[in-house]
Structures are given as C-alpha cells and as structure tokens.
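Chains as they are written, first to last, in this note's numbering: chain W, 90 to 325; chain X, 90 to 325; chain H, 5 to 198; chain U, 131 to 327. Ideal Cβ positions, reconstructed from N, Cα and C, are used throughout, including at glycine.
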Amino acid sequence: MLPRPPVPPETRVAGIAVEAVTVEREGRPILRDVSVELDARRTAVIGANGSGKSTFVRLLNGLVLPAAGRVTVQGLDTQRDAAAVRRRVGFVFTDPQAQILMPTPIEDLRLSLRGTSRAETERRVWATLGEHGLSDRADVPASALSGGQKQLLALASVLITDPALLVADEPTTLLDLRNARRIGDLLLSDPAQLVVATHDLDLAARCDHALLFDDGVLTASGEPAAVIEAYRRSCA
Amino acid sequence: MLPRPPVPPETRVAGIAVEAVTVEREGRPILRDVSVELDARRTAVIGANGSGKSTFVRLLNGLVLPAAGRVTVQGLDTQRDAAAVRRRVGFVFTDPQAQILMPTPIEDLRLSLRGTSRAETERRVWATLGEHGLSDRADVPASALSGGQKQLLALASVLITDPALLVADEPTTLLDLRNARRIGDLLLSDPAQLVVATHDLDLAARCDHALLFDDGVLTASGEPAAVIEAYRRSCA
Amino acid sequence: MARQNDLGRDLARIAVFAALIVVLGMVTLPLPGGVPITAQTLGVMLAGAVLDPRRAPLAVLLVLVLAALGLPVLAGGRGGLGVFVGPTAGYLLGWVIGAVLIGLLVRGHRISWWRTALATVVGGILVVYLFGIPVQALVLGLDLQTAAASSLVFLPGDLLKAAAATALVLALRRAYPPAFGRAGIDAPASARAA
Amino acid sequence: MIQLYRPGASPMHRLSAGSKLLLLAVVAFAVSLYPHDAVSIGAVALGVGLLFIVARVPLRVLGTELWRLRWLVLVLGGALWIFVSPLTAWVSTARVVSLVLLATLLTMTTPMGELLAVLHRLLAPLRRWGVDADAVAMTLSLALTLIPVFSGFAAEIADAHRARGVRIGARAIVPLLVRTLRHADDVGDALVARGLV
Ligand SMILES: Nc1ncnc2c1ncn2[C@@H]1O[C@H](COP(=O)(O)OP(=O)(O)OP(=O)(O)O)[C@@H](O)[C@H]1O
Ligand SMILES: Nc1ncnc2c1ncn2[C@@H]1O[C@H](COP(=O)(O)OP(=O)(O)OP(=O)(O)O)[C@@H](O)[C@H]1O
Ligand SMILES: O=C(O)CCCC[C@@H]1SC[C@@H]2NC(=O)N[C@@H]21
Ligand SMILES: [Mg+2]
Ligand SMILES: [Mg+2]
C-alpha cells in the first residue's frame with residue numbers, strides 16, 4: 090500500500106459541521122440523523138452501493154439539501170448561503186465527462202474563472218494547463234482526451250478556483266493504477282481540506298480519517314484502518 | 090484476497106486463437122502484432138488506460154476487426170462468420186446502462202431469447218430472474234434499478250443465451266465491494282470460458298491466466314500473480 | 005460485421021434523437037389556436053443537422069409512431085391518433101420533410117455557421133410552415149391568410165431556435181467531431197475518445 | 131413520464147393491445163370530429179373517468195395525471211374563455227383532456243411489449259417496400275429506454291453546473307448531446323454484441 094502523503098505546510102482546514110441531518114427521496118429517508126464534525130485534513134467516505142456516500146458528499150456543497158438538520162462549511166449554511174458555499178467548495182465527480190462543460194480544455198478552465206480579468210485568466214489558465222501536463226492539448230476536443238487526461242482536466246478546473254474544501258465522489262474509479270495514483274496524489278497533497286467518497290480502499294487508507302455509511306446511517310467514524318476493517322467485516 | 094472459485098464440472102473451453110493481429114485507428118496502430126491462444130478457463134486482461142484492453146476483448150466477438158491477422162473462436166473467423174461468432178460469444182460492457190435495451194428487466198431478458206417459443210421463453214426468463222434475485226423487479230423501469238442490479242441484469246441477459254465464451258470489459262468498475270464480488274463470482278464460476286478486461290487486480294488474481302498490454306503490445310502472458318507483478322513494476 | 009456495427013449505431017442514434025425530441029416536448033407553451041409553441045422544433049433542427057438526410061427523418065418519424073401508439077410524447081404530453089387529424093398534423097409532416105432538407109443542405113460540406121443557419125431556417129421553419137399552415141387552415145376552417153397571419157406568433161421563437169441550433173451544432177462539432185462523420189465509427193465510443 | 135404501465139388484472143388489462151389501440155383510434159376520431167355541446171363532452175369526460183375505475187387505477191394516480199395537464203388546462207382553457215367563450219373553453223379543454231387521459235389509460239394497462247407486437251404486425255406488410263419491422267420495433271423500444279437515461283444525464287449536467295456555480299443555459303445542451311451521443315454509440319455496440327441487428 091502507498092504511504093500517506095505528508096500534509097503540505099500551507100494547509101487549511103475549512104471546518105465542516107453536519108448536524109442531525111436527514112435526507113429524503115420519494116418519502117424514503119436515504120440519510121438518517123447524521124451528525125459529524127470534520128476537521129481532519131483528509132476524510133474518506135466508504136460504504137456499499139446505495140449506502141448514501143454520494144448523498145453525503147453532495148450535502149457539503151449544497152447539491153443535496155437536508156430535509157432536517159443543517160450543514161455548515163466554514164460557518165456558512167449550505168442552504169442559506171448556497172452561492173458563498175459553492176465558491177469555497179470544489180466538487181469532483183466520478184465521470185469527468187459529466188463535469189467538462191465546454192468543448193475544449195482551455196475553454197473549460199476559463200469557465201471556472203468567469204469574472205476574473207482577461208489577462209489574469211489567461212495567465213492562470215495556462216499555468217494550470219502546464220501544471221497538469223495538458224498544455225499541448227489545450228485546444229483539442231475534450232472528448233478526445235484519454236480517460237486519465239479527462240479526469241485531470243476535471244480536477245484542474247476545480248483546483249484553479251483555489252477552493253478551501255475539495256469534495257470528490259469516486260474520482261479514481263474509471264482510472265488505471267497509474268492514473269488513479271496520480272489523481273489520488275493530487276487530491277491528497279492539495280492544500281485544501283479533502284472529503285472523498287470512494288470504493289478504493291487503498292485511497293481511503295491514505296486519508297487521515299474515515300466515515301462508514303450503511304443504509305443511510307453513519308456507522309463508524311475514526312482512523313481509516315479501523316473503519317475499513319469494519320467495512321470489510323460488514324461485507325463478509 | 091479471495092480464493093479462486095473451483096472450475097465447475099461441466100466446464101467448456103471455447104478455444105480462441107488470435108494470430109498476428111494488428112488494429113489501426115486513424116492511421117495509428119492501437120494493437121500491434123498480437124498473437125496468443127487462449128485455452129485457459131478464465132483469462133484476465135490487464136494494463137494501463139489506453140493500452141488496448143478494450144480493443145483486444147472487442148476483437149473476440151468481432152466488434153473490432155483486425156487490419157491484419159485473424160481471430161477465431163471455436164474455429165470460426167470473427168470477420169467471415171460474424172453472426173455465428175456472436176451467437177457463441179456473450180459480451181458484458183462496463184456500463185450496464187448501455188446494454189439494457191428494453192424499458193424493463195423482463196422485456197430485456199425476453200429480447201435475448203428472440204426466436205424461442207413463447208412458453209420456453211417465459212420459463213427461462215423467470216428462472217433467470219429468480220437466479221439473480223430480480224424476480225420482484227421484473228416490471229419496474231430498468232432505470233430505477235440500483236447500480237448493482239443493473240449490472241446483474243446486463244449479465245443475466247447475456248448468460249440466458251448460454252454462451253460458450255463470455256467476454257467482459259471491466260464489468261465491476263462501477264460496483265462496491267459486495268456487488269463487485271457477487272458479479273465477479275458469477276463470472277468466474279460460470280461454465281462458459283471467460284475473458285475479462287479489468288483494472289481490479291483482485292479479480293485478475295482469481296483467474297487462471299492473465300495477459301498484460303502496454304501501448305498496444307502484448308507484453309506478458311502467464312500465471313496471474315506473475316503478470317500482475319509485472320504490471321505493478323511497470324507502473325512504479 | 006462493419007456494416008452491422010454501423011447498423012447498430014444507426015439505430016441507436018435515431019433512437020437518441022427521437023428521445024431528445026420527446027424530452028424537448030416538456031418545454032412548451034400551449035396557444036388558443038390548438039398549435040403550441042414547442043422546443044421540439046429545436047430537436048428536429050438538431051436531428052437534421054447532426055444526422056444525415058436518411059436518418060434524420062427516421063428519428064422524427066419514430067416520435068410520430070410513438071405518438072400514434074398513444075404515448076404522451078408530443079408537446080404538453082399529447083399523443084394518440086387524434087393528433088393526426090388535429091390542427092398540428094401538417095406541422096408534424098413538415099418536421100419529417102424539413103429534417104430531410106436540413107440534412108441535404110448541410111451534408112457533404114464543412115460545417116459553417118451560415119450554412120447551418122440557412123439549413124435550419126429553410127428546413128426547420130419555411131418547410132414546416134409550408135406544410136403546417138394549410139392543414140391548420142383546413143382543420144380549423146380558417147382561410148389561408150388568417151392561418152398564416154396567426155402563425156406569425158411562432159416566428160420569433162422559431163428564429164431563436166434556429167439560432168440556438170446553429171450555435172449548438174458548431175459547439176458540438178468542436179466538442180465531439182465523431183458526432184457527425186462515420187470516421188472511426190466502428191471503434192468503441194469509450195475508446196474513441198479515450 | 132413514459133413508464134406508465136401498471137401491472138394488473140382488470141378487464142382493461144385483459145383486453146388485447148390490438149383492440150385497445152383500435153378502440154382508442156375510433157374514439158379519438160369520433161370525439162375529435164363530433165360537434166360537441168357542453169353535455170355531450172361532459173359525458174365523454176365522465177366515460178373516460180369511469181374507464182379508469184374499471185381499470186382499477188387508484189384515484190390518486192388519476193389525480194397525478196390530471197395535475198400533469200394543469201398548464202394545458204389553464205392556458206388553453208383560460209385563453210379560450212377570455213377570447214372566445216366559456217362554452218368553447220369547456221368543450222375544447224374537456225375534449226383534449228379526455229383524449230390525453232384515454233391515451234394514458236391505454237399505456238397504463240398495456241405492457242410496452244404488447245404495443246410493439248401490434249406495431250410489428252401492422253408493419254409486416256410494408257416489408258416489400260423495404261421497411262424492416264424488427265428494426266423499427268427495436269428502435270422504438272430503444273427510444274423509450276433512452277428517455278429516462280437522457281433525463282439522468284441532464285440531471286448530472288445540471289448538477290455539474292450548479293457545483294461550479296455556472297448558470298444553466300441553452301449551452302448546457304452541448305455537453306448533454308456529447309454525453310448522449312457517446313452513450314448511443316455504446317448502445318449501438320451492445321445491439322451488435324447481443325446479435326440483435
Ligand atoms: N433522486 C433520488 N431519488 C430516489 N432515490 C434516490 C435518489 N438519489 C439517491 N437515491 C437513493 O438513495 C440511496 C443512497 O444513494 P447514494 O447515491 O448516496 O449511494 P452511494 O453510497 O453513493 O452508492 P454508490 O456506491 O452506488 O455510488 C440509494 O438507495 C439510492 O437509490
Ligand atoms: N476510434 C479510435 N480512434 C482513435 N483512437 C482510438 C480509437 N479507438 C481506440 N483508440 C485508441 O486506442 C488505444 C487503446 O484503447 P483501448 O480502449 O483499447 O484501451 P483500454 O486499455 O481499454 O483503456 P481503458 O483502461 O481506459 O479502458 C487508446 O490510445 C485509444 O485512444
Ligand atoms: O405537438 C404537435 O402536435 C405539433 C406542434 C407543432 C407546432 C408548430 S411547429 C412550427 C411552429 N413553431 C412552434 O413552436 N410551434 C409551431
Ligand atoms: Mg455514489
Ligand atoms: Mg477499456
């Protein structure tokens with residue numbers, strides 16, 4: 090197993106409070122009375138298909154709103170201060186295809202910086218393309234990128250906004266060993282606080298904290314090794 | 090790691106011969122001079138993103154045709170005898186959503202048995218639904234199934250045709266531990282010969298044989314443990 | 005073989021555009037004359053511009069068959085055979101012919117904005133009105149001038165839809181070139197872009 | 131919206147798909163052409179309501195279906211009321227609503243497979259003009275299968291916009307088309323792989 094990357098010196102912890110949250114869909118609770126404070130630098134969220142991982146991470150940027158209870162990020166309520174929360178939270182989806190909104194990589198990065206001055210935008214866009222090894226692919230159709238490059242682009246267009254909190258929903262599932270590791274390393278070593286839902290237990294083990302969901306209930310929260318062990322037992 | 094399931098007694102090996110095959114796209118070779126005979130019961134195909142795994146497994150049912158060389162399954166040429174090959178080869182895709190062609194599970198299974206008598210169809214359809222725990226979901230919209238159930242249905246609609254060779258392209262990537270294991274067990278213990286492209290090295294380790302691709306070239310073929318080790322080294 | 009692969013993808017693309025037209029039917033504004041303003045014409049224009057002149061009308065026909073089967077696939081959740089004797093019947097026929105024409109006008113040329121705009125205006129508006137207005141007049145018992153004048157309410161919306169279709173087609177060409185050609189069409193979609 | 135079928139054993143369910151389609155066609159034709167007055171169209175609407183009861187469709191479901199038509203009723207009915215007359219408003223709205231509900235009832239009580247089988251029989255004679263009934267039936271069910279998939283993609287793309295704080299506009303159709311077309315190509319491959327074309 091790979092080692093946990095060191096916490097970068099300029100680390101920030103955004104501070105997340107989930108208080109007695111219930112989420113319902115079609116009259117059925119899909120998260121039940123979840124309370125947790127997340128102050129660890131890197132938190133993994135694990136559990137079976139349908140246990141509520143995606144629902145939980147989507148709470149953190151207001152893509153899903155609680156039916157009861159409340160969620161705050163840096164003291165901001167995801168419901169009341171939705172716009173402010175979204176400016177601080179970057180979200181990475183499983184399928185980069187769902188997240189790349191513009192025809193080419195460079196346009197997609199520019200989209201993230203709407204409102205910034207033109208010169209500043211170009212400077213940051215090219216810097217980011219360079220950092221992620223995408224400079225020579227700036228103008229090709231995004232659909233022509235390889236799977237790994239697509240996920241790099243999706244991540245880049247989130248990181249370029251310099252979020253305080255990075256939330257990712259199974260960002261490495263579609264990738265091979267090398268690409269999964271590269272994306273994993275990028276996520277784990279970014280200065281932003283990280284919450285990542287994942288089926289990849291190696292990735293989970295490299296976090297500082299882990300949460301386990303089972304059928305909408307938070308059943309464990311603690312050291313990754315112990316939580317992963319609990320998950321394996323529950324699957325046996 | 091999970092043990093390799095025993096080979097079922099009524100095992101058949103279809104027999105696959107890939108002879109000096111080259112595949113090109115846009116003038117670029119994406120498989121180069123690949124020759125291999127597959128007689129192992131269960132073969133895993135591993136390698137990096139873009140190395141040619143999907144291209145290779147798609148050769149086996151004629152979804153991709155060689156630019157040079159030839160591919161035979163049970164002595165049938167995938168190019169000349171395409172229809173006959175497809176009747177013998179069942180193909181499972183990564184995204185079950187792409188493979189479920191009818192609005193409901195029961196209709197999708199019936200579709201696989203087109204041409205069979207009505208009574209026989211109903212008998213086999215219900216038997217298969219039962220086997221895969223989908224009886225009570227027979228009539229719900231397929232889009233309302235969970236991820237694991239969708240993959241079960243996709244697999245069921247292939248197994249119901251009783252193929253001699255089962256080819257799967259990353260069938261467990263979108264699944265959690267329990268579902269991945271369930272689908273993996275189903276694939277590994279089916280009496281049909283199996284060829285599976287996968288990033289899941291645990292699944293690969295449970296096969297009898299493994300192939301490693303690197304940039305369109307077959308770089309290793311042999312005992313899974315050794316081939317996986319070679320893959321890990323190449324990624325380091 | 006190669007031909008079969010193409011057939012499979014043909015069917016799937018026809019089905020996709022039919023589904024798109026159906027989904028766009030949820031954006032609609034019923035009007036007193038019985039002919040609604042509907043985003044479905046945008047779907048017809050897109051089908052015509054993206055598919056070829058043979059497949060585009062099939063996508064539209066598919067929607068009409070679904071409607072004939074009684075499914076609520078037309079604007080405002082309408083369907084059933086009644087539609088084909090109603091005031092919109094001519095427009096529906098116009099969609100089919102218009103889709104062919106758009107395909108013919110854009111096919112075999114490099115996609116340019118003016119050609120796409122021209123095709124969507126001619127095939128997606130003129131032709132549709134050409135078939136739609138007379139039938140509407142007939143069914144509602146109006147004279148032709150009145151029917152034509154009353155259908156002027158559609159024009160601003162339809163021009164907007166033609167503009168949108170043009171912009172979308174151009175963006176689609178940059179985002180996903182394989183959408184248009186058959187180049188590399190027998191490769192796995194996932195791999196083609198991988 | 132399309133998955134309307136509700137399994138059941140009512141007389142409406144047991145009636146063959148062919149006869150139901152024929153009946154619907156005849157009724158639609160007759161109701162469209164007959165010069166209605168307030169009472170006759172009321173009788174038609176009542177008749178349709180009764181058929182829902184015969185089909186043992188819960189009233190709640192009928193309510194949902196009516197609710198779905200609220201805009202049609204409000205706008206069509208409202209406009210006719212103001213510009214023409216309350217009587218025309220009642221007749222036209224009741225006619226449209228009755229026919230839509232009747233069509234809905236047919237789809238609620240008939241499995242799609244049976245409808246397709248009828249279509250298949252209807253198309254068979256067209257073979258000599260090059261119409262492949264199998265391919266048509268297949269494409270029809272594909273379109274139906276794809277509609278919810280499509281909506282799912284649309285929801286994902288809307289989420290991506292919201293997550294990135296981007297306003298959703300007509301542009302959003304581009305990523306949706308890309309997503310859907312790629313999916314369509316995969317579906318095409320599956321058709322081939324399953325030996326269906
Ligand atoms: N919009 C919705 N409507 C109805 N049910 C929903 C909806 N969204 C989620 N659910 C249900 O909520 C439950 C939790 O879903 P969620 O996606 O959070 O699970 P997950 O842990 O992310 O699963 P996976 O590992 O498959 O991604 C599931 O049972 C799912 O079916
Ligand atoms: N139609 C095509 N046009 C151009 N290049 C293609 C096409 N199809 C495949 N390729 C290229 O062929 C190579 C092999 O692709 P393939 O999908 O077989 O890889 P893979 O091993 O399955 O990767 P992954 O792990 O991402 O699924 C890739 O570099 C891909 O870009
Ligand atoms: O749903 C139907 O039955 C067909 C509707 C036809 C509407 C016509 S098409 C041209 C014009 N533009 C619109 O937006 N509506 C009309
Ligand atoms: Mg999830
Ligand atoms: Mg692949």
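Chain-order list of residues whose beta-carbon lies under 7 Å from that of residue i (same chain, five-residue window excluded)
| i | result |
| --- | --- |
| LEU163 (chain H) | none |
| GLU244 (chain U) | ALA147 |
| HIS250 (chain U) | ALA263, ALA267 |
| GLN186 (chain W) | LYS239 |
| ASP82 (chain W) | There is no way to answer for residue 82 (chain W), as the model of chain W reaches only from 90 to 325. |
| VAL100 (chain H) | PRO61, VAL64, LEU65 |
| ALA79 (chain H) | GLY29, THR32, PRO40, THR42, GLN44 |
Environment of residue i [buried if 16+ CB atoms lie within 10 Å]
| i | result |
| --- | --- |
| PRO313 (chain X) | buried |
| TYR135 (chain U) | buried |
| ILE287 (chain U) | buried |
| HIS288 (chain W) | buried |
| ARG207 (chain X) | exposed |
| LEU241 (chain X) | buried |
| LEU307 (chain U) | buried |
| ASP128 (chain X) | exposed |
| VAL149 (chain U) | The sequence as given places Ser at residue 149 (chain U); Val does not occur at that position. Exposed, because fewer than 16 other Cβ atoms sit within 10 Å of the Cβ of SER149 (chain U). |
| TYR164 (chain U) | exposed |
| LEU326 (chain U) | buried |
| ASP184 (chain W) | buried |
| PHE213 (chain U) | exposed |
| ILE106 (chain H) | buried |
| GLU195 (chain U) | buried |
| GLY237 (chain W) | buried |
| GLN149 (chain H) | exposed |
| VAL20 (chain H) | buried |
| ARG225 (chain U) | buried |
Range of the contiguous alpha helix (DSSP H) that encloses residue i
| i | result |
| --- | --- |
| LEU234 (chain X) | From DSSP, LEU234 (chain X) is part of no alpha helix (DSSP H); its letter is neither H nor E. |
| VAL322 (chain U) | 303-323 |
| THR201 (chain X) | Reading off the sequence, residue 201 (chain X) comes out as Ser, not Thr. Where SER201 (chain X) is concerned, the enclosing alpha helix (DSSP H) stretches over 194-201. |
| GLY219 (chain X) | 207-220 |
| PRO313 (chain W) | 313-324 |
| PRO118 (chain W) | No alpha helix (DSSP H) holds PRO118 (chain W); the beta strand (DSSP E) holding it covers 117-127. |
| LEU142 (chain H) | 131-144 |
| THR275 (chain U) | 263-293 |
| GLY161 (chain H) | 158-179 |
Span of the beta strand (DSSP E), counted from its first residue to its last, around residue i
| i | result |
| --- | --- |
| VAL104 (chain H) | No beta strand (DSSP E) contains VAL104 (chain H), which is instead part of the alpha helix (DSSP H) from 93-110. |
| ALA157 (chain W) | 157-162 |
| GLY136 (chain W) | 131-136 |
| HIS298 (chain X) | 298-303 |
| ILE189 (chain W) | Premise fails: ILE189 (chain W) is in no beta strand (DSSP E) and is neither H nor E. |
Close beta carbons around residue i, own chain, < 8 Å, minus the five adjacent residues each side
| i | result |
| --- | --- |
| GLY12 (chain H) | none |
| ILE249 (chain W) | LEU198, SER201, LEU202, ARG213, VAL214, THR217 |
| THR210 (chain X) | ARG199, LEU202 |
| GLU220 (chain W) | ALA245 |
| THR111 (chain W) | PRO118, LEU120, ARG121, ASP122, VAL123, PRO155, ALA156, ALA157, GLY158 |
| ALA169 (chain H) | LEU46, MET49, LEU50, ALA53, THR120, THR124, GLY128 |
| ALA167 (chain H) | ALA121 |
Contacts around residue i, its chain only, beta-carbon distance under 6 Å, and the 5 residues preceding and following it disregarded
| i | result |
| --- | --- |
| SER246 (chain W) | ASP197, LEU198, SER201 |
| GLY98 (chain H) | VAL131, VAL132, PHE135, GLY136 |
| PHE184 (chain H) | none |
| SER140 (chain U) | ALA185, ARG186 |
Strictly closer than 7 Å from CB to any heavy atom of ligand 4: give me those residues in the order they appear in the chain.
W:LYS142, W:SER143, W:ASP258, W:GLU259, W:ALA286
Taking one C-beta from the region 148-155 of chain X and one from the region 225-240 of chain X each time, how about it: are there three or more such pairs within less than 8 Å?
no
Do the region 65-80 of chain H and the region 115-130 of chain H meet, that is, are 3 or more Cβ pairs less than 8 Å apart?
no
Quick check: the region 267-287 of chain W against the region 113-124 of chain W, are at least 3 beta-carbon pairs closer than 8 Å?
no
Tell me, please, whether the region 293-306 of chain W touches the region 137-145 of chain W by the rule of three or more beta-carbon pairs shorter than 8 Å.
yes
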